[in-house]
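Under our numbering, residues 91 to 456 are what the sequence shown spells out, in order. Don't be surprised by glycine CBs; every beta carbon is placed ideally from N, CA and C. Treat the numbers as computed from the prediction; the structure is a model and nothing was measured. One structure is given here, and the rest of the page talks about it.
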Amino acid sequence: MTNFRMMLLSTAAIGITSIVAVSSASAADVEKKFAWSGHVNRQIVVVDDGEETAVSHQDGQTSGSRARMKASASSDAMTLGAVIEVNTAANTNPSQNATGGNSAFSLRHSYVHASNSMGKVDMGLTAHAGESFVGVSMHGAGSAEAISGTAFDGVKFMNSDATAGSQAAGETVSGAHGSDMSGGRGNGVSYTTPKMSGFKGKVSHTQDASGSYEVTYGGDFNGMAVKAGYSYANSAGGTNENSEGGGVGIKLPTGLNASLSYRTISLESDANTANNDDPELYYATVGYDMSGVSDFGKTSIAVTYRDVENENLTGDDFEMVSFLLSQSLSDYGTSVYGGYSNIRYDTTLSDFDDINGFFMGAKVVF
């Protein structure tokens, strides 16, 4: 554990030294920029939990509303900058029997960065290695669903054995599928290598002995796009020992695309007193991105399959199949999207009804 921590710190230190050891530039040679950006993402969700139908108006669950400030100073030698991003989501994760969900105003990113031809260093609260890559998705309907969440995350499962009409006392959709099994955003330092023959590496140190690394690849072969990657995140002092996994995806010149990702969490032995099996996530997508269908921009359709095993207890099984549609309004900085999902959750203790639901939304980028 100590060796791993020292390796991460040493690598990050080498990256910092390489970046700051550049020739100086006069003030006249430095270009300074400042910009506001972000997006607002809103959804309407109609869901049938097996007992009743509910409708919610909520913030985007897979890409919540946010605002960011970016500042940078660049010369031919290097770029120095800072990023602050806040979560501005309103009514997130509402359940069937709740008048509303949570409204949040919280810090997502706050970090400084430095880069040159030797790579980039990020220092502060941000997505370090193991969170900036967790899997691959090649389709263009990412506003509708992502590997880390669904439009139905706040919906509760109904127990088929419970009294008809009663709300589920058990698990929500997000609790059943868990997170994306990533390292999560945190405070730390990261060094990212330059891209070399399509490959790029990243190594991070967060708290104490916690650290992570990732290797990603992106290439183009006669119009066929290929992406792949693997990441590992260690969690010192937590109930989980580490998370790791990767994925691969391709996109043909016709717009047809497919991807497959896998991730798992290794439970820490001294905390795993129940001897639960390690949670596992399987995520597969098949999609088709079309140009020319609409004058507004790209049209994307996709089918996704998510399977999560042993998230809470050994024998738990979460399955979700979604059909997604997204239409870009590129001149307006907007995408409109919708879809249908069937969600199933089985445990050794409960017999839950399937959840079926439709959703539609709009994401406006500024």
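In chain order, which continuous runs of the beta strand (DSSP E) of length 3 or greater are located wholly inside the segment 137-166?
143-149 and 156-164
Sort SER356, GLU175 and TYR307 by Cα distance to GLY337 and report the nearest one.
TYR307
Taking DSSP as the reference, what is the three-state secondary structure of ASP385?
coil
Member of ASP379, SER146, LEU215 and LYS160 whose CA lies at the smallest distance from the CA of LEU170:
LYS160
CA nearest to the CA of GLY274, picked from SER205, HIS295 and PHE289
HIS295
For GLY212, three-class secondary structure by DSSP
Here the sequence assigns Asp to residue 212, which means Gly is not the residue at that position. If DSSP states are grouped into helix, strand and coil, ASP212 belongs with the strands.
What beta strand (DSSP E) runs, 3 residues minimum, are completely inside the segment 260-327?
276-282, 289-295, 301-311 and 314-324
What residues are listed by DSSP as bridge partners for ARG353?
GLY335 and LEU371
Determine which residues share a DSSP beta bridge with TYR430 and list them.
PHE413 and PHE448
VAL135: which of SER127, ASP243 and ALA194 sits nearest, CA to CA?
ASP243
Considering only their Cβ atoms, is the gap separating VAL120 from VAL245 smaller than 8 Å?
no
Considering only their Cβ atoms, is the gap separating TYR378 from TYR352 smaller than 8 Å?
no
Classify THR375 as buried or exposed, calling it buried when 16 or more other Cβ atoms lie within 10 Å of its own Cβ.
buried
Measure from the alpha carbon of LYS290 to the alpha carbon of each residue in LYS317, ASN131 and MET271, then state which is nearest.
LYS317
Terminal residues of the beta strand (DSSP E) in which ILE237 lies:
First-last for ILE237: undefined, no H or E at that position.
Near GLY239, what residues of its chain come up, given a Cβ to Cβ distance below 6 Å and the 5 sequence neighbours on each side ignored?
GLN151 and THR152
Helix or strand or just coil, what does DSSP make of SER113?
In this prediction, SER113 has a pLDDT of 45, which is less than 50 and means its spatial position is unreliable; nothing more can be read from the coordinates.
For GLY276 and ILE433, I'd like the C-alpha separation in whole angstroms.
31 Å
8 Å contact criterion, which ASN474 and GLU370 should meet: CB distance rounded
Outside the shown range of the chain, which is 91 to 456, sits residue 474, and nothing can be said about it.
DSSP three-state assignment for ASP406, whether helix, strand or coil:
coil
Am I right that THR438 and LEU403 are in contact with their C-beta atoms under 8 Å? What's the rounded C-beta distance?
7 Å
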